[in-house]
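Residue numbers (our numbering): 3 to 223.
Data first, discussion second: the structure below is written as structure tokens.
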């Protein structure tokens with residue numbers, strides 16, 4: 003295994019532990035090494051760019067995250083096509099990063115496109131389609147379209163309840179639902195969802211993980 007692959011593995015472990023600054027630095031080294039070894043459009047390089055963007059996203063360095071994710075998306079469209087699973091997974095992450103910069107219309111359009119392309123392939127429960135629905139609900143929530151956002155978030159929760167209470171998609175959808183309910187003024191429902199997710203994330207990730215801390219802040223609100 004090359005040093006670049008070792009760096010990539012270490013970056014993933016740091017990311018999972020919530021050490022996003024460390025992960026970003028390791029992903030940068032891995033991306034540089036993999037690009038030199040395999041080329042700028044090799045799948046390993048593009049996946050590393052995507053994950054580097056996710057680490058930067060969690061550090062709120064959205065402009066940098068967008069640059070890496072956009073590069074990964076454009077290359078995957080060329081190599082795999084616009085409706086390949088890896089392309090759609092990259093596209094929805096880019097939608098989230100764009101939304102985090104307040105470009106809600108653009109984020110909404112990308113989320114819609116991800117859902118449309120995935121559903122056209124019969125992938126109603128593919129991770130990219132689920133992520134697309136969550137990104138769309140998130141965009142609607144920030145556009146103060148709380149009724150639509152809450153309804154879609156509830157739909158996702160209902161669709162994926164069989165995959166496990168502590169699955170990342172289950173936790174993400176319930177977290178988003180709590181956010182939507184809070185904004186819509188349904189305080190009791192928001193508290194119920196937030197307590198549920200906080201308990202599961204605390205157990206799975208620990209009390210000091212950033213995702214657990216975000217739930218604690220939401221619950222306090």
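Just so you know, even glycine gets a beta-carbon here, dropped at the ideal spot from N, CA and C.
- Taking the Cβ atoms as the reference, residue 140 lies roughly 6 Å from residue 178, within the contact range of under 8 Å.
- Cα atoms of residue 159 and residue 175: separation of roughly 6 Å, rounded to the nearest angstrom.
- Beyond the five residues adjoining it in sequence on each side, residue 172 comes within less than 8 Å, by CB distance, of 159, 162, 163, 165 and 166 in the same chain, given in chain order.
- Scanning its chain for C-beta atoms nearer than 8 Å, with the 5 sequence neighbours on each side dropped, one finds around residue 42 the residues 77, in chain order.
- Secondary structure of residue 95 (DSSP, three-state): helix.
- Comparing alpha carbon positions, the residue from 180, 74, 199 and 127 closest to residue 191 is 180.
- Straight-line measurement puts the Cα of residue 210 at about 24 Å from the Cα of residue 182.
- Each residue's CA atom was taken as its position, placing residue 70 and residue 54 some 7 Å apart.
- Taking the Cα positions, residue 128 is about 29 Å away from residue 8.
- Our two residues, residue 219 and residue 199, have alpha carbons roughly 12 Å apart in a direct line.
- Here the C-alpha atom of residue 151 lies approximately 27 Å from the C-alpha atom of residue 86.
- For residue 204, the secondary structure class from DSSP, reduced to helix, strand or coil, is helix.
- Annotation for residue 120: 90, 128, 130 and 131 place their beta carbon closer than 6 Å to its own, counting only its chain and skipping 5 residues before and after.
- By the C-beta density criterion, residue 135 is buried, having at least 16 other C-beta atoms within 10 angstroms.
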